[in-house]
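Peer 1: For reference, the structure I am asking about is given below.
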Amino acid sequence: MANFPPPWTLGQLASLLDAKLQGPADFVVDRPAAADEDDPRGIAFAESEKYLRTAEESHIGALLLPPSLDTTKPHLTVAHPRRAFGALLAWALKPLPLQPGIHPTAVVADSAQIDASASIGPYAVVECGVVIGARCRVYAHAYIGEGCILEEQCVIYPHAVLYRDVVLGARTVIHAGAILGSDGFGYFWDGKGQQKVPQTGRVMLGADCEIGSLTAIDRATAGTTRVDDGVKIDNLVQIAHNVRIGEHTVIASLCGVSGSARIGKRVTMAGKADLVDHVSICDDVMLGGRTAVARDINVPGAYLGAPAMPARDGLKALALQSRIPDLFERMRALETRIKELEAKD
Amino acid sequence: MANFPPPWTLGQLASLLDAKLQGPADFVVDRPAAADEDDPRGIAFAESEKYLRTAEESHIGALLLPPSLDTTKPHLTVAHPRRAFGALLAWALKPLPLQPGIHPTAVVADSAQIDASASIGPYAVVECGVVIGARCRVYAHAYIGEGCILEEQCVIYPHAVLYRDVVLGARTVIHAGAILGSDGFGYFWDGKGQQKVPQTGRVMLGADCEIGSLTAIDRATAGTTRVDDGVKIDNLVQIAHNVRIGEHTVIASLCGVSGSARIGKRVTMAGKADLVDHVSICDDVMLGGRTAVARDINVPGAYLGAPAMPARDGLKALALQSRIPDLFERMRALETRIKELEAKD
Amino acid sequence: MANFPPPWTLGQLASLLDAKLQGPADFVVDRPAAADEDDPRGIAFAESEKYLRTAEESHIGALLLPPSLDTTKPHLTVAHPRRAFGALLAWALKPLPLQPGIHPTAVVADSAQIDASASIGPYAVVECGVVIGARCRVYAHAYIGEGCILEEQCVIYPHAVLYRDVVLGARTVIHAGAILGSDGFGYFWDGKGQQKVPQTGRVMLGADCEIGSLTAIDRATAGTTRVDDGVKIDNLVQIAHNVRIGEHTVIASLCGVSGSARIGKRVTMAGKADLVDHVSICDDVMLGGRTAVARDINVPGAYLGAPAMPARDGLKALALQSRIPDLFERMRALETRIKELEAKD
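Chains as they are written, first to last, in this note's numbering: chain V, 1000 to 1344; chain P, 1000 to 1344; chain Y, 1000 to 1344.
Here's what the structure looks like:
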């Protein structure tokens, strides 16, 4: 059932999802939707009374509900509404269109090796020595620089740029406007001006990575900026030169990882977290939003704050921020009272 | 007087702006400029003694002044210098050039419907099912994905990317390198790796929106990421999946709005403010720079700080940051003194 | 010795670097690398015992060492290993390929003046009135808007966008996806909606500047957004309208400089620092990571914190963040003790 695009009837969905039909079998839905959207042709899910109320107040057309919930709207009763909704999402997914083969407007160097099953979109530029594997999809305006290697089934969305010597593992996805392999930010002051340290290295991503739109991953000064298998990076993230990121790590939007920092496996960085240069984080660490890591973290667990502290402490410190003015007041009051006590002495 | 490009003579401007000419009528200015720029062919405005002094110390050529100010430089006396300067800006504005019609190098799908009065620039790619309205301007290298709809007079600057199913209301402007409709950042851990939640939704912008360069607005997981009429977003902003933003809201650079967050009407977010996921902000809220919203805001007004607090409190808390070390000192001193008192007891 | 690409033999390097060969003269290395990389064909440097140990634990092939260090790995002994390594970096540097002349797919306006020694890549668009100087390199998909001027030896990487009237001094480098000259973020509320202030100015960069990937520099409202000679800006930085940045200033990733801010010469901004609008910073200031400048800084030196304070104070304040909850505890304890003392009185 890999591909069953909408529109769907509730009857079809009941049968495919092994659900109990509660409403007209021929009721048509056009797409999965959010419970609070006024979309009479959408189908959403609700797992709690609260979400069900939201759905009932909106014009959403149909619902996926657990046996414990009921509504007068057309709905399907299923054991796991969220899981069933996931199936709808998968069926509804439509990739950006891309014609098979190499678009006549693509500029492909003679020495590039492009698998016959790969697709290259209009105005893509593929430079010398590039290797593009089976079933790769390179969209319009992508730039694949000299010596890049894309293993099978990579997807390069429109306007992504790979400078030279970028290697992508199988099934890795690069979103629009992401820039991989641009120069690391390295200069030294020679007494007259900033002199550039030549940036000669490369960028290697493992398999099953996904890199968000407008994210930058710089080439190493020497050697390799490395992102291991299964790493997911959101939009507008900065990964500096010589960084290494372990398997299955997840980095949310507007994070920054400074030069030569090391991030372990299965680390989570929430939005706007960052690491100073040369710092390292062990496996299985979670950084809360805006956490600033300025020293190595060697113990797995959750961290929060600027500078990073164990999340429990960080939450306390954050919660007290608004009471700092109060603390100054109390301090002044105490100082007065103690002066009075001392005077009496 | 929609279009009266420079160069201008002071005499022309005096007549057009209904101003009193104070200097040679044939004095030529080439452009509006800032008062502190050494631009002898520029004309600036000053509304205060302070700005006038700045202007007199620079080589700015001419000035717009209120009746209360005077200078030996060529100038025009007007009731409202700032307003008059606004008129000059409007006259001086020159759009990026774009030839009428569809550039021969544009790749336009057969099924795309492009209004005869629209312009499509070189190397633009317009995919199947796209609808482009009257007098739209789509610049070079723009990518307009399958099923996108642009109502009349939209402007898509060079290198902007619209993935599939992005809808833009009339007169909406997308700046260079902005990416609309890329996948939301949704994964779940299946015990072995991060599995992608298919991102099937769309992005809808209202009329009269303006989206800055290098800003990302993700498609919804299901349903719609929605930005209502008149919203203005600066450069390098992240708008995550399923977010909704109310009319006339203004969001400055490097802000982040996490998944499913809701922002009301006429909200202002200063630079680097952000919202965690699923949080909501009511109408008429102002968030100061770097404000972090982690809980719903239900009361209109100004907020500041991380976490967000009423601006008055936030200002106090910020102002006291530098005195926190001092507070520790005072605490230590108090503890000593109280110990002494207790000893005496 | 401007160009001596690898592979190298250790014997060749010994002779070129005036180093003592410690190992087989015919040992081949393919590239400079980091000491901790498992790259048997790489050559790294180590200046301390610590780095040497790291290198010995990795599979790095060869090393540059000072006379005070020794290893059984093939290595070269040199007085200044870091400097020698810098020479290797320079020799190893390979620019992105670009054919001489104007690529047949580039769209170049008739009125553009392009020096015969400049190179223009595939699908670049060069608009009317543009002047491109000697030995400039304009890569694929770059957009050079009307009236832009590039002095000699500028490099515009793929997908960079220059709106109209952007001027670049000699040898200035613009990385992929950077956007120069887009509209400043200026609106005013007219009681019904946000009205746009026309953005009519330009952007001028001096000589020897380097602008990172996905960085935005907005045109001035009127006049000029100015970046002086030798300024280096990292990826994902926002430079707003009418900003001025003095010579040799360095700005790291994810910094934001708000409208009309002034930054002096030789200023350093570490990652995520920012300035509010209209604020000014004098020469020779260093801002630590995440520093927020909300008031003028008139004294050279290092600053840290939000709001910015002298770095010494900022470090103290940061170090105490995690002890704020403790401070509240101590305050409560003191209040109790003083109450007891007062009761006894």
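Heads up, the beta-carbon is just placed ideally off N, CA and C, and yes, glycines get one too.
1) Considering only residues of the stretch 1195-1220 of chain Y, which uninterrupted beta strand (DSSP E) runs meet the minimum length of 3 residues and lie entirely inside it, listed in chain order?
2) Quick one: which residues of the stretch 1052-1074 of chain Y get their C-beta closer than 8 Å to a C-beta of chain V? List them in chain order.
3) Give, in chain order, every residue of the stretch 1267-1298 of chain P whose Cβ lies closer than 7 Å to some Cβ of chain V.
4) Taking C-beta pairs closer than 7 Å, name the residues in chain P that residue 1139 of chain V reaches, listed in chain order.
5) Anything in the stretch 1162-1184 of chain V with a Cβ closer than 8 Å to a Cβ of chain Y? List those residues in chain order, please.
6) State the beta-bridge partners of residue 1304 of chain V as determined by DSSP.
7) Using DSSP bridges, identify the partner residues of residue 1232 of chain V.
8) Taking DSSP as the reference, what is the three-state secondary structure of residue 1081 of chain P?
9) What would DSSP say about residue 1071 of chain Y, mapped onto helix, strand or coil?
10) Extract the residue ranges of the alpha helix (DSSP H) inside the stretch 1016-1056 of chain V, only unbroken runs of 4 or more that lie entirely within it.
11) Run through the DSSP bridge pairs and tell me what residue 1309 of chain V is partnered with.
12) Just mark residue 1343 of chain Y as buried or exposed, buried being the case when its beta carbon has 16 or more other beta carbons within 10 Å.
13) Return the Cβ separation of residue 1201 of chain P and residue 1166 of chain P in integer angstroms, given the expectation that the two are a contact with Cβ distance under 8 Å.
14) Exposed or buried, what is residue 1260 of chain Y when buried is set at 16 or more other beta-carbons lying within 10 Å of its beta-carbon?
15) Between the Cα of residue 1126 of chain V and the Cα atoms of V:1068, V:1160, V:1169, which residue gives the shortest distance?
16) Please list, in chain order, the chain P residues whose beta carbon lies closer than 8 Å to that of residue 1308 of chain V.
17) Ignore the nearest five residues each way along the sequence and tell me which others in residue 1136 of chain Y's own chain have a CB closer than 6 Å to its CB.
18) Could you name the residues of the same chain whose beta carbon sits closer than 6 Å to that of residue 1145 of chain P, not counting the 5 residues immediately before and after it, in chain order?
19) For residue 1257 of chain Y, would you say it is in contact with chain P, using Cβ-to-Cβ distances shorter than 9 Å as the test?
20) State yes or no: is the C-beta of residue 1163 of chain Y nearer than 8 Å to some heavy atom of the ligand HEM?
21) Measure from the C-beta of residue 1336 of chain V to each C-beta in chain Y and report whether the shortest distance is under 9 Å.
22) Mark residue 1307 of chain P as exposed unless 16 or more other C-beta atoms lie within 10 angstroms of its C-beta, in which case mark it buried.
23) Taking only three categories from DSSP, how would you classify residue 1238 of chain P?
24) Verify the CB distance criterion: does residue 1216 of chain P have a CB-CB separation below 9 Å to chain Y?
25) Whose Cβ in chain P lies nearer than 8 Å to the Cβ of residue 1331 of chain Y?
26) Would you say residue 1247 of chain Y reaches chain V, if we count a Cβ-Cβ gap shorter than 9 Å as a contact?
27) Should residue 1152 of chain V be flagged as near chain P, meaning a C-beta pair shorter than 9 Å?
28) In the stretch 1228-1240 of chain Y, which residues sit with their C-beta less than 7 Å from some C-beta in chain V, listed in chain order?
29) So is residue 1058 of chain P buried or exposed if we call it buried at 16+ other beta carbons inside 10 Å?
30) How about residue 1160 of chain V: is its C-beta nearer than 9 Å to some C-beta of chain Y?
31) What residue does the beta strand (DSSP E) around residue 1187 of chain V start on, and which one ends it?
32) Roughly how many whole angstroms lie between the Cα atoms of residue 1239 of chain Y and residue 1326 of chain P?
33) Could you give the residue range of the beta strand (DSSP E) that holds residue 1104 of chain V?
34) Leaving out the 5 sequence neighbours to the left and right, which residues in its chain are closer than 7 Å to residue 1175 of chain Y when beta-carbon positions are compared?
35) Measuring straight from C-alpha to C-alpha, what distance separates residue 1270 of chain V and residue 1235 of chain V?
36) On a Cα-Cα basis, can you pick out the residue from P:1218, P:1177, P:1291, P:1340 that is closest to residue 1321 of chain V?
Peer 2: Concretely, from the data shown:
1) 1201-1204, 1215-1217
2) none
3) 1273, 1275, 1291
4) 1124, 1142
5) 1162, 1163, 1176, 1178, 1181, 1182, 1184
6) Paired residues: none, contrary to the question.
7) V:1210, V:1250
8) Here residue 1081 of chain P carries a helix assignment [DSSP, helix/strand/coil].
9) coil
10) 1048-1056
11) Its beta-bridge partners are V:1302.
12) exposed
13) Contact holds; Cβ gap of about 7 Å.
14) buried
15) Of V:1068, V:1160, V:1169, the residue nearest in Cα terms is V:1160.
16) Ordered by position in chain P, no residue passes the 8 Å Cβ test against residue 1308 of chain V, which lies about 15 Å from the chain.
17) 1097, 1118, 1154
18) 1126, 1127, 1128, 1163
19) yes
20) The ligand HEM is not part of this structure, which contains no ligands at all.
21) yes
22) buried
23) strand
24) no
25) Scanning chain P for C-beta atoms nearer than 8 Å to the C-beta of residue 1331 of chain Y yields nothing, as the closest lies near 12 Å away.
26) yes
27) no
28) 1229, 1231, 1233, 1234, 1235
29) exposed
30) yes
31) 1186-1188
32) 37 Å
33) If you look at residue 1104 of chain V, you'll find it isn't in any beta strand (DSSP E); DSSP assigns it neither H nor E.
34) 1156, 1157, 1158, 1159, 1212
35) Each residue's alpha carbon lies about 10 Å from the other.
36) P:1291
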